[in-house]
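Here the structure comes first, spelled out in structure tokens, and everything after it is commentary.
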Amino acid sequence: MSVFISTVPSTNLLVNLLFDPLYYFSNSSPAMASRFRVLVVLSSAAKFTTTGAPTGWYLPEFAHPYKVLSEIADITVVTPKGGFSQVDPGSVKNTATTDSLSHSFLRDNESVWSNTGKISDYIGRGKEFDVICHPGGHAPLFDLAEDNDLKTLISEVYEAGKIVAAICHGVIVLKDVKLSNGQYLVADAPVTGFSNEEEDKVGLTDACPVLVETELVKMGGRFEKSDAPFKAHITVAHNGRLITGQNPASAPGFAEAIKQSLLKA
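At position 170 of the sequence shown the residue is numbered 170 (UniProt numbering), and the sequence of numbers has no breaks.
Quick look at the structure:
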């Protein structure tokens, strides 16, 4: 017995399309809908210039946003220099038995951080992206904190009405970012990041050229943190367009907050 499946649109569909041209797009499946675009910014730094110790991007702070957002978005990864970006070896060790999602990401996606674009090549293209996202690790303190191209790009994305997101030490990218009205992006906004207390507890305060909490407060940000060090905390400000996470424990919630803000946009 054969089965015939008609490919001719139903009368109701034709009528709906005739009188409402947007009917197809509003009623199509998620697979048919256009995908979001996310720009992830990683550091090119591979060591503490103050101590020589290795560093890089912190595994769960990239892995969780990547896994969650890749379901609904195309992801482009950039660094100051382009090319390879190093994962913090300590983050691989610290999550070896506690975060299978991050380790599957590390195993299966090496090309994502091995062939990054250059931040400078995206100046003037901020409006092409729905989100600009910054994972942490101590590495951003040594290059992204003072990267003027990145500051320009962050402002472009935000002023195009899109989302700026950063977690842990990645929040240092917001240092000195100003909008066209001359105001700091974080001014009077609830923000979080790796706290000074947490930095003290991991014994790296003196090795850091800048401290995330200190810099956010200097710019008028309303710094928040969890009720105990290393517990998750996430802030969502500016109608969902400024999202920050405090530390590695915040990575799953941070990723979900970005996704929800995208879907509500």
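We put the beta carbon where it would ideally sit given N, CA and C, even for glycine.
Pick from the options that is closest to residue i, judged by C-alpha positions
{"i": "residue 149", "options": "79, 64, 36 and 72", "result": "79"}
{"i": "residue 189", "options": "234, 169, 145 and 170", "result": "234"}
{"i": "residue 61", "options": "36, 133 and 73", "result": "133"}
{"i": "residue 259", "options": "187, 163, 180 and 232", "result": "163"}
{"i": "residue 218", "options": "187, 225 and 237", "result": "187"}
{"i": "residue 245", "options": "123, 262, 199 and 226", "result": "226"}
{"i": "residue 59", "options": "160, 197 and 103", "result": "103"}
{"i": "residue 247", "options": "215, 198 and 36", "result": "198"}
{"i": "residue 88", "options": "68, 177 and 53", "result": "53"}
{"i": "residue 99", "options": "70, 257, 71 and 64", "result": "64"}
{"i": "residue 276", "options": "262, 239 and 228", "result": "Shown here, the chain extends from 1 to 265; a query on residue 276 therefore has no answer."}
{"i": "residue 136", "options": "44, 239, 185 and 68", "result": "44"}
{"i": "residue 222", "options": "230, 191 and 239", "result": "191"}
{"i": "residue 71", "options": "92, 243, 48 and 38", "result": "38"}
{"i": "residue 255", "options": "67, 105 and 145", "result": "67"}
{"i": "residue 200", "options": "118, 243, 230 and 113", "result": "230"}
{"i": "residue 122", "options": "153, 182 and 243", "result": "153"}
Neighbour-count burial assignment, residue i, 16 or more Cβ in a 10 Å radius
{"i": "residue 252", "result": "buried"}
{"i": "residue 179", "result": "exposed"}
{"i": "residue 205", "result": "exposed"}
{"i": "residue 111", "result": "exposed"}
{"i": "residue 287", "result": "Here the chain covers residues 1 to 265 and nothing more, so residue 287 does not appear."}
{"i": "residue 215", "result": "buried"}
{"i": "residue 24", "result": "Note on residue 24: pLDDT 40, under 50, position unreliable in the model; the coordinate value appears next. Residue 24 should be labelled exposed."}
{"i": "residue 147", "result": "buried"}
Residues that DSSP places opposite residue i in a beta bridge
{"i": "residue 178", "result": "184"}
{"i": "residue 270", "result": "Shown here, the chain extends from 1 to 265; a query on residue 270 therefore has no answer."}
{"i": "residue 73", "result": "36"}
{"i": "residue 241", "result": "Bridge partners of residue 241: none, in fact."}
{"i": "residue 79", "result": "118"}
{"i": "residue 134", "result": "166"}
{"i": "residue 47", "result": "54"}
C-alpha distance - residue i paired with residue j, whole-angstrom precision
{"i": "residue 203", "j": "residue 97", "result": "23 Å"}
{"i": "residue 51", "j": "residue 210", "result": "14 Å"}
{"i": "residue 264", "j": "residue 75", "result": "19 Å"}
{"i": "residue 127", "j": "residue 151", "result": "14 Å"}
{"i": "residue 138", "j": "residue 41", "result": "14 Å"}
{"i": "residue 14", "j": "residue 174", "result": "Low confidence applies here, because residue 14 scores a pLDDT of 42, under 50, leaving its location unreliable; read the following figure in that light. Answer to the nearest angstrom: the Cα atoms are 50 Å apart."}
{"i": "residue 220", "j": "residue 90", "result": "32 Å"}
{"i": "residue 193", "j": "residue 213", "result": "7 Å"}
{"i": "residue 237", "j": "residue 155", "result": "16 Å"}
{"i": "residue 167", "j": "residue 159", "result": "20 Å"}
{"i": "residue 161", "j": "residue 94", "result": "37 Å"}
{"i": "residue 144", "j": "residue 176", "result": "12 Å"}
Neighbourhood of residue i by C-beta distance below 7 Å, restricted to the same chain and skipping five residues each side
{"i": "residue 141", "result": "169, 172, 208, 209 and 210"}
{"i": "residue 86", "result": "46 and 56"}
{"i": "residue 157", "result": "126, 129, 132 and 164"}
{"i": "residue 120", "result": "149"}
{"i": "residue 105", "result": "63, 66 and 67"}
8 Å Cβ shell around residue i - same chain, five flanking residues per side excluded
{"i": "residue 116", "result": "42, 77, 78, 79, 82, 83, 84 and 85"}
{"i": "residue 124", "result": "156"}
{"i": "residue 241", "result": "158, 161, 162, 163, 164 and 261"}
6 Å Cβ shell around residue i - same chain, five flanking residues per side excluded
{"i": "residue 195", "result": "213 and 225"}
{"i": "residue 35", "result": "73 and 74"}
{"i": "residue 232", "result": "249, 250 and 253"}
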